[in-house]
Each structure stands twice: as C-alpha cells, then as structure tokens.
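Notes to accompany the following structure.
Residue numbers (the UniProt record's numbering): 1 to 329.
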C-alpha cells in the first residue's frame with residue numbers, strides 16, 4: 001500500500017451486513033437455547049425431585065405406620081398379658097370353675113332360667129351341685145366387653161365387705177366369660193306388689209351407705225362405683241343390701257395411680273379431681289337411691305304419675321317443692 005494511503009479511513013470499508021446479521025442470529029440462538037435448556041433442566045429436576053421425595057416420604061410414613069402398629073400390638077399384648085397375670089393371681093382368692101359343671105347346672109344356658117338381660121350380657125339363676133342358688137352372669141362374646149369382665153372380676157376379687165356382693169367363682173376362656181355369685185333377689189316377681197316397711201327401707205339405706213363409705217375411705221384402695229343405681233343393689237333374705245355391677249368401677253391406690261387394667265393407662269388423679277369428679281358422682285347416685293326408697297318408685301316410673309316432669313326424679317322433687325312454696329305464699 002502506498003504510504004500516502006496509510007491512516008486513511010474508509011479505504012477498506014466497514015463490516016458487511018451479512019457478517020452483522022450472522023453474529024446477531026448466533027447470539028440470539030445461543031441465548032434462546034440456553035434458556036430453553038435451563039428451563040427443561042429445572043422442570044426435569046423438579047419432577048425427579050418431587051417423585052423421589054414422595055417415594056421417600058411414603059416410605060417413611062409406611063415405616064412409621066408399621067412401627068406404630070408394632071408398638072400398639074406390643075402394648076396390647078403386654079396389657080393383655082398383665083391382665084391375664086393378674087387374673088391368675090386372683091385364683092388364690094376366687095375359684096376358677098369348670099365350664100362343664102356350669103353347662104350342666106344351666107342346662108347349656110337354657111333361656112328359661114334367664115332372670116335379667118343387660119347391655120353387657122345376661123344373668124341366669126341356677127342351683128349348683130353344692131345345693132345353693134347362684135346367679136351366673138354370662139357376658140356377651142365381644143372384645144369390647146373384655147374390660148368390663150376384667151374390671152368386675154378384679155374388683156369383686158379384691159373387695160371383701162358385708163355390703164359388697166361376694167364372688168363365688170368365674171370362668172374365662174376364649175369366647176366364654178362367666179361370673180358366679182350367690183343368688184340375691186332384687187324386686188323379685190312375688191315381692192313387686194309388697195310395700196317395704198320403713199325399718200327395712202332404713203336398713204337398706206344404711207347398708208348401701210356403709211358399703212359406699214367403705215369403698216371411698218376404708219378399704220385398701222380408693223374405689224368409686226360410677227354406675228350406682230337400684231339395678232346395682234341386690235338384697236339377701238334379711239334385706240341386707242349388696243352392691244354389685246362393678247364393670248365401670250375405678251380402683252386407685254392412695255398415691256393417685258389408677259389400675260391400668262381397669263380404666264386409663266396408669267394416669268394419676270389428684271385428690272381434688274377424685275373427690276369432685278368421681279366420689280361426688282357416687283354420692284349423687286346414692287341420693288337418687290334414697291329418693292327411690294322413700295317414694296317406693298324408680299326414676300323411670302315418674303312419667304307415669306308426674307305430667308309436669310320430664311322423667312327425672314330430681315326434677316319432679318324440685319317441681320313438688322316449688323308447688324309447695326307457691327301454695328304457702
């Protein structure tokens with residue numbers, strides 16, 4: 001190149017338009033490809049992560065569920081084992097009877113000898129080989145009644161008092177759950193029309209109070225009946241009351257721990273809760289029993305002669321007191 005042309009601009013010309021377009025197209029294509037690739041990567045990563053995370057969570061849940069089931073099964077077996085152990089210990093105090101003997105005595109549990117039907121089972125009156133009449137409670141074949149059976153068996157096996165119904169024996173095997181005690185009558189058919197004399201009513205009231213006070217304060221355990229009613233009171237031939245039906249009872253030591261096999265799981269109950277929540281329930285039910293003794297009628301009979309009452313004995317008494325108060329004004 002001649003020296004005169006050095007440093008002169010414009011001789012070679014600028015970049016061609018085709019070169020500019022090619023460079024711009026390459027940059028756009030690269031950016032778009034990178035963006036698309038990044039988006040696809042993020043989507044695939046999210047899909048795979050979510051999939052494997054769900055598998056991991058599901059595996060954890062199944063593992064936890066299996067451990068929980070195993071724990072519950074183990075706890076259930078331990079609880080059942082403890083109940084069986086305690087029942088075996090009771091054989092020193094309560095006689096385990098022969099099922100064959102009980103079948104023979106009841107005529108294979110003939111329905112003609114049923115004296116009471118309840119939500120937990122039925123009661124048969126039979127004469128055993130010793131010549132004495134016995135009441136045989138046969139609980140329904142259901143796992144839900146297992147606790148009721150164990151509770152009543154342990155309660156009557158532990159509690160010994162003149163006003164607590166004595167347990168003569170029991171049988172427990174597979175589907176059969178039987179409790180046997182001497183027969184005491186309650187509102188027997190031949191005596192339903194007989195009006196109890198006041199000395200007999202007072203004797204019954206005092207006997208129930210004595211038995212209840214012993215349960216609450218004087219026995220080796222703290223005991224509440226929970227379901228005290230006229231259906232729970234049996235009378236012997238001397239009109240001495242016997243408290244029965246301990247299927248819902250709660251037995252606790254004086255430290256506050258409840259028996260695990262009766263109700264709850266070894267929880268502790270403070271004295272205030274025990275007195276206000278449980279003992280007063282028994283006392284209230286005892287008050288209803290006293291009203292029934294005074295009136296000579298059960299609570300369920302109130303509807304028959306009290307049109308202004310909803311059937312509650314307490315409400316009916318309150319209605320009478322209010323009427324008496326109004327009449328004196």
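All C-beta atoms, glycine included, are put in the ideal place defined by N, C-alpha and C.
Distance from the Cα of residue 287 is smallest, within the candidate group 228, 320 and 245, for 228. Separation of residue 241 and residue 234 (C-alpha to C-alpha, rounded to the nearest whole angstrom) is 6 Å. Pairing residue 245 with residue 230 gives a Cβ-Cβ distance that is not under 8 Å. Inter-residue distance for residue 172 and residue 236 is about 27 Å (C-alpha atoms, whole angstroms). Secondary structure note for residue 277: it is in no beta strand (DSSP E), with a DSSP letter that is neither H nor E. Residue 165 holds the alpha-carbon nearest to the alpha-carbon of residue 134 among 165, 177 and 243. Between the alpha carbons of residue 95 and residue 180 lies a gap of roughly 10 Å.
Distance between residue 285 and residue 323, taken at the CA atoms: about 25 Å.
Each of 195, 103 and 176 was checked against the Cα of residue 113, and the nearest Cα belongs to 103. By the Cβ criterion, the segment 208 to 216 is not in contact with the segment 108 to 124, since fewer than three pairs of Cβ atoms, one from each stretch, lie closer than 8 Å.
In this structure, the beta-carbon distance from residue 221 to residue 252 falls below 8 Å.
Leaving aside the five residues that flank residue 205 on each side, the residues in its chain whose CB is nearer than 8 Å to its CB run, in chain order, 289, 290 and 293.
Rounded to whole angstroms, the gap between the alpha carbons of residue 159 and residue 315 is 35 Å. Taking all protein chains shown into account, residue 243 has 16 or more neighbouring C-beta atoms within 10 Å of its C-beta and is therefore buried. Of the residues 328, 128 and 283, the one whose Cα lies closest to the Cα of residue 217 is 283. Nearest Cα to residue 297 within the set 195, 326 and 250: 195. Within the same chain, no Cβ atom closer than 8 Å to the Cβ of residue 325 is found once the five residues on either side in sequence are excluded.
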